[in-house]
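K.L.:
Take a look at the following structure, please.
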Amino acid sequence: MTRNQQAEVSEFLMTPEMSVIGKGKTFAIRTYGCQANVRDSETLSGLLKSMSFTEAEEEKDADVILFNTCAIRKNAEEHVLGEVGNLKPLKKKDPEKIFVLCGCMAQEEGIVDTLLKKYPQVDIIFGTHNLDRFPELLADFMHRRQRIVDVESIEGRITEGLPVSRTHRHKAYVNIMYGCDKFCTYCIVPYTRGKERSRKMEHILEEIREFKASGGKEVTLLGQNVNAYGKDLQMQDGFTQLLEQCALTGIDRIRFYTSHPRDYTSSTIDVMAKYDNIMNSLHLPVQSGSDEILKKMNRGYTSSRYFDLYDEIKAKIPQMTFTTDIIVGFPQETEEQFEDTLKLADYCKFDAAFTFIYSPREGTPAAAMLDNIPAEVKKERLERLNERIGMYARQKNEEYVGKTVEVLCDGISKKNDHVYAGYSADNKLVNFTANQVYAGDLVKVKITEARSYSLNGEMEEN
Ligand code: SF4
């Protein structure tokens, strides 16, 4: 598939024979990494249920265990390999169990070699481009009991109509595109997820309408770089068009993730300002405040472009909240360049930020750069940055005390079963007390206390 070529679209079909293959058997899925993987796991779960498998109460009892993996960081990969290693005794005890490794790690040749040589307990390995083939691979393995490796490097396909078993009934991830063409020098995603390819707008809108008709309240449009949506379909300003059509479906809440400053347009901001059901929270990764480092990262924008974008959004939507991603200790980052990042954090006063110490990924251009920053300097920079980010996050949250916000309830809090939890329109995690409320209810909550990364409150009874 070349840059401007459209992806081939096919429709998924489950055969009657395949739909009964899992009768009486159970599965468990472990998901690592980003929202794209969470969404893929929902598809894998949907596929398994369509084959009559049921979800195991406990992973150790499952007949099929899947590891849907992430390749973004080396230490995350090592952790996954450790966990896969721990499955060996389970396989010894019950050789009938089937272990599957899929996701981004499976797209890496070196990892597949390691799995083949050192992890005989893994029965099926398949990549990110052929999720739709999983039922076939599983059926084949159940029949022949011979190890299967099926990793495609073809990246031009989109399969519609895959079954999905969503984590929530009230909120959904909706893929709008796959892959990424940006080739930031530190990032492995373009190698593991392939080129940017967009789903057709009518398929996306149909999914949202169906979800809304089933009682769904919130959708998050997913893509590695949503602002590039439709470029491969030769659409002009495709993301703006899509966002507006999504808003017109009347679904209560729309979010999108992730944005790229390089492809963001003023018309997208105008549409965000025009529709109340597009939420006022934006994750806009900056990565660094230094122009030299941004250039080395191949981010395709300067710090002033980021400031201009930030200012334009704030001017048109003053209540917008911002979160970001920042990498510290990129190869050869000087103290001065790091301070540019601190200055940017001071200007933007982010509501939260995912901050990381640079870690090289084999096969990326940055991995070949001279990385001359000692580990303790990187650590110290991260601490200074986190302190700054934490200070602004707390200040921002304190502004909410005494105010009433609308929260989409996710149910009982995972950390404290005396309170409910949910997210405000501007994506603040709110823990709140209430007499009775259900997952999927939109409720008004009066904020009584600010914490660094969450708010506490009481539901206002009608
Ligand atoms: S935009 Fe850059 S960081 Fe994001 S997925 Fe693409 S290559 Fe990776």
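The sequence shown begins at 574 in this note's numbering and counts up one residue at a time.
Where is the CB? At the ideal position from N, CA and C, for every residue including glycine.
1) Do Arg-967 and Ser-1025 have their C-beta atoms closer together than 8 Å?
2) I need the boundaries of the alpha helix (DSSP H) containing Arg-730, first residue and last residue.
3) According to DSSP, simplified to helix, strand and coil, what is Met-1032?
4) Opposite Val-901 in the DSSP bridges: which residues?
5) Is Lys-987 near the ligand SF4, with its Cβ less than 7 Å from a heavy atom?
6) If we ignore side chains and look at the alpha-carbon of each, how far apart do Asp-667 and Lys-633 end up?
7) Can we count Val-762 as close to the ligand SF4, meaning its CB is less than 7 Å from some heavy atom?
8) Could you check the C-alpha separation between Leu-1002 and Val-978 for me, to the nearest Å?
9) On the DSSP letters alone, give me the boundaries of the alpha helix (DSSP H) that Arg-961 sits inside.
10) Around the Cβ of His-991, are there at least 16 other Cβ atoms within 10 angstroms (buried) or fewer (exposed)?
11) Considering only their Cβ atoms, is the gap separating Pro-858 from Thr-897 smaller than 8 Å?
12) Quick check: the Cα distance between Asn-748 and Ser-771, rounded to an integer number of angstroms?
13) Report the rounded CA-to-CA distance for Thr-642 versus Ala-820, giving the unit in angstroms.
14) Could you name the residues that DSSP lists as bridge partners for Phe-1005?
15) Alpha carbons only, please: which of Asn-659, Cys-982, Leu-735 and Thr-765 is nearest the one belonging to Leu-679?
16) Can you tell me which of Ala-601, Leu-735, Met-715 and Leu-710 puts its alpha carbon nearest to the alpha carbon of Thr-616?
17) Let me know the alpha helix (DSSP H) ranges lying completely inside the region 772-829, each 4 residues or longer, listed in chain order.
18) Under 7 Å from any heavy atom of the ligand SF4, does the C-beta of Gln-797 make it?
19) Considering just the uninterrupted stretch of the alpha helix (DSSP H) at Ile-714, what are its terminal residues?
20) Which whole-angstrom value describes the C-beta separation of Leu-1028 and Asn-970, a residue pair presumed to lie in contact below a C-beta threshold of 8 Å?
21) Write down the C-beta distance between Cys-921 and Tyr-883 rounded to the nearest angstrom, noting that I regard them as a contact closer than 8 Å.
22) At which residue ranges does the region 651-677 contain complete beta strand (DSSP E) runs of 3 or more residues, listed in the order of the chain?
23) With three or more beta-carbon pairs closer than 8 Å as the criterion, would you say the region 821-828 touches the region 775-791?
24) For Asp-810, collect the residues of the same chain with a Cβ closer than 7 Å to its Cβ; drop the 5 residues on either side in sequence, then sort them by chain order.
25) To the nearest angstrom, report how far apart Leu-654 and Tyr-692 are at their CA atoms.
26) Cβ-heavy atom distance between Phe-756 and the ligand SF4 below 7 Å?
27) Given Pro-763, which residues of its chain have a CB within under 6 Å of its CB, disregarding the five upstream and five downstream residues?
28) Using CA atoms only, rank isn't needed, just tell me which of Arg-934, Gln-860, Tyr-993 and Glu-590 is closest to Asn-1004.
29) Distance, Cα to Cα, Ile-594 vs Lys-664?
30) Just to confirm before moving on: does the CB-CB distance between Thr-740 and Ala-939 stay below 8 Å?
31) Using three-state DSSP, classify Met-591 as helix, strand or coil.
32) Rounded C-beta distance between Phe-714 and Arg-706? I'm assuming under 8 Å.
33) What do you reckon, are the CB atoms on Met-591 and Ala-712 nearer than 8 Å?
34) With Asp-723 as the anchor, note down where its beta strand (DSSP E) starts and where it stops.
35) Under the three-state reduction of DSSP, which class applies to Arg-835: helix, strand or coil?
36) So, using beta-carbon positions, are Met-852 and Asp-1014 closer together than 8 Å?
P.N.:
In short, the structure shows the following:
1) The residue labelled residue 967 in the question sits at position 394 within the sequence shown. The residue labelled residue 1025 in the question sits at position 452 within the sequence shown. Yes; because the gap between Cβ atoms is below 8 Å, this pair is in contact.
2) To locate residue 730, count along the sequence shown from 1; it is residue 157. In the DSSP assignment, Arg-730 falls outside any alpha helix (DSSP H) and lies within the beta strand (DSSP E) extending over 730-733.
3) Within the sequence shown, numbered from 1, the residue matching residue 1032 stands at position 459. The answer is strand: DSSP assigns Met-1032 an E or B state.
4) For the purposes of this step, residue 901 is taken as residue 328 along the sequence shown, with counting starting at 1. Paired residue(s): Ile-930.
5) Taking the sequence shown and counting its residues from 1, the one referred to as residue 987 is at position 414. Answer for Lys-987: no, Cβ out of range of the ligand SF4.
6) Locating residue 667 in the sequence shown gives position 94, where the first residue counts as 1. Locating residue 633 in the sequence shown gives position 60, where the first residue counts as 1. Note on geometry: alpha-carbon atoms of Asp-667 and Lys-633 lie some 11 Å from one another.
7) As a position in the sequence shown, residue 762 is number 189, starting the count at 1. Yes; taking the cut-off as 7 Å, the Cβ of Val-762 has a heavy atom of the ligand SF4 nearer than that.
8) Position 429 of the sequence shown, counted from the start, is the residue given in the question as residue 1002. Position 405 of the sequence shown, counted from the start, is the residue given in the question as residue 978. Approximately 11 Å between the Cα atoms of the pair.
9) Walking along the sequence shown from the start, residue 961 turns up at place 388. In the DSSP annotation of this structure, the continuous segment of the alpha helix (DSSP H) that includes Arg-961 starts and ends at 948-971.
10) Translated into the one-based positions of the sequence shown, residue 991 becomes position 418. Exposed, since its Cβ has fewer than 16 Cβ neighbours within 10 Å.
11) Within the sequence shown, numbered from 1, the residue matching residue 897 stands at position 324. Within the sequence shown, numbered from 1, the residue matching residue 858 stands at position 285. Yes, the pair counts as a contact, with Cβ atoms nearer than the cut-off.
12) Position 175 of the sequence shown, counted from the first residue, corresponds to residue 748. Position 198 of the sequence shown, counted from the first residue, corresponds to residue 771. Taking the straight line from one Cα to the other gives about 9 Å.
13) As a first step, residue 642 is located in the sequence shown; it is residue number 69 there, counting from the start. As a first step, residue 820 is located in the sequence shown; it is residue number 247 there, counting from the start. One C-alpha to the other measures close to 33 Å.
14) Numbered from 1 along the sequence shown, position 432 holds the residue referred to as residue 1005. DSSP output for Phe-1005 lists Tyr-993 and Gly-1030 as bridge partner(s).
15) Along the sequence shown, read from residue 1 onward, the residue named residue 679 stands at position 106. In the sequence as presented, Leu is not what sits at residue 679; that position holds Ala. Ranking Asn-659, Cys-982, Leu-735 and Thr-765 by Cα distance to Ala-679 puts Thr-765 first.
16) Your numbering for residue 616 matches position 43 in the sequence shown. Minimum Cα distance to Thr-616 is reached at Leu-735.
17) 774-786 and 811-821
18) Along the sequence shown, one-based indexing puts residue 797 at 224. At least one heavy atom of the ligand SF4 is nearer than 7 Å to the Cβ of Gln-797, so yes.
19) As a first step, residue 714 must be located in the sequence shown, where it is residue number 141. According to the sequence provided, residue 714 is Phe. The question's Ile does not apply to it. Taken as a continuous stretch (DSSP letters only), the alpha helix (DSSP H) holding Phe-714 covers 707-717.
20) For the purposes of this step, residue 1028 is taken as the residue at position 455 of the sequence shown. For the purposes of this step, residue 970 is taken as the residue at position 397 of the sequence shown. That pair is a contact at about 6 Å.
21) If you number the sequence shown from 1, residue 921 lands on position 348. If you number the sequence shown from 1, residue 883 lands on position 310. About 6 Å; that satisfies the 8 Å criterion.
22) 671-676
23) yes
24) The sequence position of residue 810 within the sequence shown is 237, counting from 1. Cβ neighbours of Asp-810 within its own chain (closer than 7 Å, five residues either side excluded): Thr-838 and Ser-840.
25) Mapped onto the sequence shown, residue 654 falls at position 81. Mapped onto the sequence shown, residue 692 falls at position 119. The alpha-carbon atoms of Leu-654 and Tyr-692 are separated by roughly 9 Å.
26) In the sequence shown, the residue the question calls residue 756 occupies position 183. It does: the Cβ of Phe-756 is within 7 Å (strictly closer) of some heavy atom of the ligand SF4.
27) Numbered from 1 along the sequence shown, position 190 holds the residue referred to as residue 763. Excluding positions up to five away in sequence, the list reads Cys-753 and Phe-756.
28) Locating residue 1004 in the sequence shown gives position 431, where the first residue counts as 1. Selected option, being the one with the closest Cα: Tyr-993.
29) Along the sequence shown, one-based indexing puts residue 594 at 21. Along the sequence shown, one-based indexing puts residue 664 at 91. Going from the Cα of Ile-594 to the Cα of Lys-664 covers about 21 Å.
30) Here the question's residue 740 lines up with position 167 in the sequence shown. Here the question's residue 939 lines up with position 366 in the sequence shown. Not a contact, by the Cβ cut-off of 8 Å.
31) Taking the sequence shown and counting its residues from 1, the one referred to as residue 591 is at position 18. Per DSSP, reduced to three states, the secondary structure at Met-591 is helical.
32) Numbered from 1 along the sequence shown, position 141 holds the residue referred to as residue 714. Numbered from 1 along the sequence shown, position 133 holds the residue referred to as residue 706. With a Cβ gap of about 12 Å, Phe-714 and Arg-706 do not count as contacting.
33) Locating residue 591 in the sequence shown gives position 18, counting from the first residue. Locating residue 712 in the sequence shown gives position 139, counting from the first residue. Ala-712 is positioned such that its CB atom lies closer than 8 Å to that of Met-591.
34) Translated into positions along the sequence shown, residue 723 becomes position 150. According to the DSSP assignment, Asp-723 belongs to the beta strand (DSSP E) that extends over 721-723.
35) What you label residue 835 is simply residue 262 of the sequence shown in a count that begins at 1. For Arg-835, the secondary structure class from DSSP, reduced to helix, strand or coil, is coil.
36) As a working note, residue 852 is residue 279 in the sequence shown. As a working note, residue 1014 is residue 441 in the sequence shown. No.
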